[in-house]
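Notes follow once the structure below has been shown.
Protein chains in written order, with our numbering: chain H, 975 to 1313; chain A, 975 to 1313.
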């Protein structure tokens, strides 16, 4: 089968890879309907994480082609969505809603879902079938649920977004934009998007942003304070993962406020004294997308949300390298790869 | 009046200081019934914070001697307890329960309550009167409510302690010990005290600890994991404020667990990547003791809790220097100063 492999920074190739087969009775193999490139795939692309002929991709939707003997929750032919972290969904950590830290977790990044087929470990715990075969126009949104929507949703939940709250969103890439959508769905009163890219501001407003702050760093924090009687936001979503974005998020929250951070941390070091005196709540990490998948799929199925709008470039899998380039150069927010 | 002044590391003197008088209509002056030395007073004593002829002390109980014209909630003659952070208790931040970050906050450390009298700003917001004049044996416990009990309580609340939960407590000084008492009152199923000092272990058990772990650092974390099916504690109270104690706390919590940290951070730097992948909740800072004071006073008044047991050395104010020495050398857990 064909699949995306990264050989080094900037070196993305579509190659012949071995088609996966079931090795454990809890596995499934799916035929992908679509896959995509994640903001986090840019870390190795830019040299910040190491790769060595690494199969890429961890987001996926598709049709179940084969299941192991122990699989009971999905059947061959089902259209399914799964999280970027395969989980048994039965352990004590999963039961508490932290499937991304399941005691038997398998990161799907090791599988590489930018390919024609993918092996899904813990199929019963990981995969959620849609109510039927989806219309083609729903596929981008269902694919978004696999990571970027689920991650933005988790960030909003981690930031304790709710009715009456003012929410600030640091980061205008796909996760931040879908954090805005989540905040809107969760009833936030005011949603302040931080970012200066005109196209993304438009999408931010479409997803529910009520205010835009173009300044970043300390100047951005000052603007948030101005908009909140000097207090800061109740809830802040951090969707970048750098030192500057984390400090911008922490400083934008009011005392007692909540920061939900989902940008994969790179070279971040949080000063203890500032954390102490900020009195904010900090929570984040790899999103337990599985917790939210059933609800998110239903919202998409009922056409109440349209997270697929974050895909502003669609390419065939064979042109994955151009997709990576477009996201790296910020010509595209998020790239969908067709099969 | 007589009061404690620190002139430099290790240099504590009891000197003549000017007796405070009311300067604003919202002030009160109290005559102290007792005061005490805080673990955080040891930071400057050990040279970790700067001092320059600094009046010391921020914990206090006593009788109202004088009130400003605007003060309505307490009267001359009332026996009162207040927090180490004076707050108006009416602003939006106070209303949300974060009185230690009141928009008009005055840290009582600036006032220096290791003295015969103290000026209390925002008297209406800060002071809580006891139901009557307390019996003498209740005074240590009421004094503990002013900071060390309220801080331990906040740590337990920040760590989301509750029924069915396993709680680990990092730090066996007074705040940690009262974190144990708080966890017990809040219904924790299991409370694991970490520390190797025999006297403190005894007090820990009296306050509700069910297990003792003597190892610290990574070895301590391993013990916590052993006691929790390899998962870690649901809730962790951090009551020290060093790099080692913070990492011990974060590593002792399970994915999705909660760390409540109240040790005043010194030279702490939290690695972003570890914070990210830990998936713990982190919350702490200067405790909003005022939030809890009415309930804590009632529990003490009704003799349901005995936090005053943390005072294992009582000295007259004039011997404050010996009190600091005893705490510095860990000969005493916490020192009460009589007047």
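Glycine included, every Cβ here is placed at the ideal spot set by N, Cα and C. Computed from a predicted model, the values in this text were never measured in an experiment.
The three-state reading of DSSP puts residue 1072 of chain H in coil, since its state is none of H, G, I, E or B.
The C-beta of residue 1242 of chain A comes closer than 8 Å to at least one C-beta of chain H. For the stretch 1191–1205 of chain A, the beta-carbon criterion of a distance under 9 Å to any beta-carbon of chain H is satisfied by 1203, 1204 and 1205. Look at the beta carbons and you see the stretch 1073–1089 of chain A not touching the stretch 1275–1283 of chain A: under three pairs across the two are nearer than 8 Å.
At a beta-carbon threshold of 9 Å, the residues of chain H lying near residue 1250 of chain A are 1215, 1235, 1236, 1237, 1238, 1239, 1242, 1258, 1259 and 1260, ordered along the chain.
Short of 6 Å from the beta carbon of residue 1256 of chain H, and not among the five residues preceding or following it, lie these beta carbons of its own chain, in chain order: 1233. Linking residue 1193 of chain H to residue 1222 of chain H through their CA atoms gives a straight-line distance of about 9 Å. Separation of residue 1187 of chain H and residue 1272 of chain A (C-alpha to C-alpha, rounded to the nearest whole angstrom) is 47 Å.
Nearest to residue 1094 of chain A by C-alpha distance, out of A:1006, A:1168, A:1108 and A:1113, is A:1006.
For residue 1161 of chain H, not one C-beta of chain A is nearer than 8 Å to its own C-beta. Taking CB atoms only, residue 1255 of chain A has a neighbour in chain H less than 8 Å away.
In this structure the stretch 996–1014 of chain A does not lie against the stretch 1037–1053 of chain H, because fewer than three pairs of beta carbons, one per stretch, are closer than 8 Å. Taken atom to atom, the span from the alpha-carbon of residue 1154 of chain A to that of residue 1202 of chain A is near 18 Å. Unbroken beta strand (DSSP E) stretches of 3 residues or longer found wholly inside the stretch 1013–1091 of chain A: 1035–1041 and 1053–1056, given in chain order.
Within the same chain, and ignoring the five residues on either side of residue 1057 of chain H in sequence, the residues whose Cβ sits closer than 6 Å to its Cβ are 1263 and 1264. In the assembly as shown, residue 981 of chain A is an exposed residue. Its beta-carbon has fewer than 16 other beta-carbons within 10 Å. Runs of the beta strand (DSSP E) spanning 3 or more residues and lying entirely within the stretch 1158–1201 of chain A occur at 1164–1168 and 1185–1187, in chain order. The C-beta separation of residue 1113 of chain H from residue 1042 of chain H comes to about 26 Å, leaving the pair out of contact by the 8 Å criterion. Counting only Cβ-Cβ distances below 7 Å, residue 1091 of chain A has no contacts in chain H at all, with the closest Cβ about 29 Å away. By the beta-carbon neighbour count (other beta carbons within 10 angstroms, threshold 16), residue 1228 of chain H is buried. Segment contact: the stretch 1017–1028 of chain H against the stretch 1061–1081 of chain H, fewer than three CB-CB distances shorter than 8 Å; contact not assigned. Neighbours of residue 1297 of chain A in chain H, taken as residues whose beta carbon is under 8 Å from its own, are absent, since the nearest beta carbon is some 26 Å off. Out of A:1117, A:1044 and A:1090, the CA that lies nearest to the CA of residue 1096 of chain A is found in A:1044.
For residue 1057 of chain A, no Cβ of chain H is located within less than 8 Å of the residue's own Cβ. Within the stretch 1056–1078 of chain H, those residues whose Cβ lies closer than 8 Å to any Cβ of chain A are, in chain order, 1066, 1067, 1070, 1071, 1072, 1074, 1075 and 1077. Taking the Cβ atoms as the reference, residue 1205 of chain H lies roughly 20 Å from residue 1220 of chain H, outside the contact range of under 8 Å. Our two residues, residue 1002 of chain A and residue 992 of chain A, have alpha carbons roughly 16 Å apart in a direct line. By a beta-carbon distance limit of 8 Å, residue 1144 of chain A does not contact residue 1207 of chain A. Their separation comes to about 10 Å. Residue pairing from DSSP places residue 1235 of chain A in a beta bridge opposite A:1212 and A:1258. Put simply, of H:1133, H:1030, H:1053 and H:1079 the residue whose alpha carbon is nearest the alpha carbon of residue 1231 of chain H is H:1133. Here the stretch 1068–1080 of chain A makes no contact with the stretch 1303–1313 of chain H; the two share fewer than three CB pairs at distances below 8 Å.
For residue 1135 of chain A, same chain residues with a beta-carbon under 6 Å away, outside a window of 5 residues either side, are 1141, 1157, 1160, 1162 and 1209 in chain order.
Note that the C-beta distance between residue 1287 of chain H and residue 1295 of chain H is not below 8 Å. One alpha carbon belongs to residue 1053 of chain H, the other to residue 1103 of chain H, and they sit about 6 Å apart. Annotated three-state conformation of residue 1291 of chain A is helix, per DSSP.
Rounded to the nearest angstrom, the gap between the Cα atoms of residue 1199 of chain H and residue 1171 of chain H is 22 Å.
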